[in-house]
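Asks:
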Amino acid sequence: MAGFNPRNRMEAFKTGKPEDKELLSLAHEIVLIWRPLGVILGLTNATLDVIDQDSPKVLNKSYDMLIKWRESLGSEATYKNLAVGLDHEIIGRHDLVEKYCHESELNA
Numbered sequence: 001m002a003g004f005n006p007r008n009r010m011e012a013f014k015t016g017k018p019e020d021k022e023l024l025s026l027a028h029e030i031v032l033i034w035r036p037l038g039v040i041l042g043l044t045n046a047t048l049d050v051i052d053q054d055s056p057k058v059l060n061k062s063y064d065m066l067i068k069w070r071e072s073l074g075s076e077a078t079y080k081n082l083a084v085g086l087d088h089e090i091i092g093r094h095d096l097v098e099k100y101c102h103e104s105e106l107n108a
């Protein structure tokens, strides 16, 4: 019998788009991977270069990247699409998918 893989269960994503406060909290946790995550989320290197030059602190770079992602994708800037980026094999932050993108059991 194969082992249980929690990623195989049906998981409900939050609806709508992440709010500023959630993106700020997430930004704290992606300071080391903000640029690769930005690429995976679909931002161009030119956009990321501007963020890198305009934001002196790494936390600001992370937050600005997430805000730019949300603005550029519009209605497609969903929790599910954010989860796909966070769970990408290069990023590998399924813990952040669980923390920020899934409905909590208390709210489900």
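Using the UniProt record's numbering, you'd call the opening residue of the sequence shown number 1 and step up by one each time. Where is the CB? At the ideal position from N, CA and C, for every residue including glycine.
(1) Keeping to the same chain, check which residues put their C-beta closer than 7 Å to that of V97; ignore five residues upstream and five downstream.
(2) Short of 8 Å in beta carbon distance, which residues of its chain neighbour F4, apart from the five on each side in sequence? Order them along the chain.
(3) I need the DSSP call for H102, collapsed to helix, strand or coil.
(4) Would you say R70 touches the ligand FMN, meaning its beta carbon is less than 7 Å from a heavy atom?
(5) How about S62 and I91: are their beta carbons less than 8 Å apart?
(6) Quick one: what's got a C-beta closer than 7 Å to L68's C-beta in the same chain, skipping five residues either side?
(7) With distances taken between CB atoms, is the gap from L23 to R70 smaller than 8 Å?
Replies: On the basis of the coordinates in this document:
(1) For V97, same chain residues with a beta-carbon under 7 Å away, outside a window of 5 residues either side, are A83, L86, D87 in chain order.
(2) Bear in mind that a pLDDT of 36 at F4, under 50, signals an unreliable position, so the model cannot answer this.
(3) Three-state result, H102: strand.
(4) Because no ligand of any kind appears in the structure shown, any question about the ligand FMN cannot be addressed here.
(5) In this structure, I91 does not lie closer than 8 Å to S62 by Cβ.
(6) According to the sequence shown, residue 68 is Lys rather than Leu. Excluding residues within five positions, the ones whose Cβ falls inside 7 Å are L43, T47, I51.
(7) Closer than 8 Å, so yes.
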